[in-house]
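Residue numbers (this note's numbering): 4 to 186.
This is the structure we're talking about:
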């Protein structure tokens with residue numbers, strides 16, 4: 004009789020241990036995965052800053068990248084997502100320019116980037132056109148990366164399809180807002 008009672012107690016303790024282990028696994032593992040993803044994103048961001056911009060399998064050193072900041076802030080209406088609200092985004096934009104590109108002298112003209120300055124209105128229009136084609140959810144998704152990539156492609160097309168002249172689009176001070184629309 005004592006052996007059966009001890010066996011039942013051991014079995015109950017094993018089942019309790021199994022249940023607690025399952026609860027532990029379902030609560031800790033997802034948090035560990037999220038922490039790991041965050042650490043990977045931070046490491047990726049640090050590598051971009053330290054190594055330069057990666058384009059077409061080659062890395063552009065940070066010292067070969069000039070930044071052209073568009074001084075005027077953008078305010079763009081975002082595409083309607085059907086929820087009855089009008090959304091807009093306010094943000095600053097700068098372009099990363101490869102100073103070692105074969106097209107640098109053609110499009111930038113000199114170290115002051117005067118060739119780009121003369122095209123700033125066209126660049127602003129292209130940026131507004133791209134951003135206004137996104138809904139609020141699409142704009143905010145993926146850290147704005149999809150929007151920045153689309154702008155980059157549009158600007159590279161403007162500069163004769165040169166993919167090694169303008170190598171990046173950067174946002175600063177991004178804010179998105181929504182307001183009710185009376186219909």
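Virtual Cβ for every residue (Gly too), placed ideally from N, Cα, C. Source: prediction; values computed, not measured.
Return the first residue and the last residue of the beta strand (DSSP E) that residue i is part of.
| i | result |
| --- | --- |
| residue 222 | In this structure the chain extends from 4 to 186, so residue 222 is not present and cannot be described. |
Bridge partners of residue i, per DSSP?
| i | result |
| --- | --- |
| residue 18 | The partner list for residue 18 (beta bridge, DSSP) is empty, contrary to what the question assumes. |
| residue 80 | 91 |
| residue 179 | 92 |
| residue 69 | 100 |
| residue 173 | 97 |
Looking at the unbroken alpha helix (DSSP H) that takes in residue i, where does it start and where does it end?
| i | result |
| --- | --- |
| residue 142 | 139 to 143 |
| residue 110 | 107 to 110 |
| residue 166 | Segment: none, residue 166 is in no alpha helix (DSSP H) and carries neither H nor E. |
| residue 123 | 123 to 134 |
Given residue i, which residues of its chain have a CB within under 6 Å of its CB, disregarding the five upstream and five downstream residues?
| i | result |
| --- | --- |
| residue 73 | 96 |
| residue 174 | 94, 147 |
Rounded to whole angstroms, what's the CA-CA distance from residue i to residue j? Just pull it up for me.
| i | j | result |
| --- | --- | --- |
| residue 137 | residue 30 | 36 Å |
| residue 145 | residue 107 | 30 Å |
| residue 87 | residue 62 | 45 Å |
| residue 193 | residue 92 | The question about residue 193 has no answer, for the chain in this structure spans 4 to 186. |
| residue 109 | residue 90 | 38 Å |
| residue 51 | residue 10 | Any reading at residue 51 must be qualified, since the residue scores a pLDDT of 48, below 50, and its modelled position is unreliable; the value itself is stated next. Cα to Cα, the separation comes out at about 60 Å. |
| residue 169 | residue 143 | 23 Å |
| residue 40 | residue 5 | 52 Å |
| residue 152 | residue 118 | 22 Å |
| residue 70 | residue 23 | 55 Å |
Below 8 Å CB to CB, which residues in the same chain sit around residue i once its five sequence neighbours on both sides are set aside?
| i | result |
| --- | --- |
| residue 127 | 73, 75, 77 |
| residue 1 | Residue 1 falls outside the range modelled here, since the chain spans only 4 to 186, and no answer is possible. |
Can you find the residues in the same chain that come closer than 7 Å, C-beta to C-beta, to residue i, ignoring five residues on each side of it along the sequence?
| i | result |
| --- | --- |
| residue 82 | 135, 136, 137, 138 |
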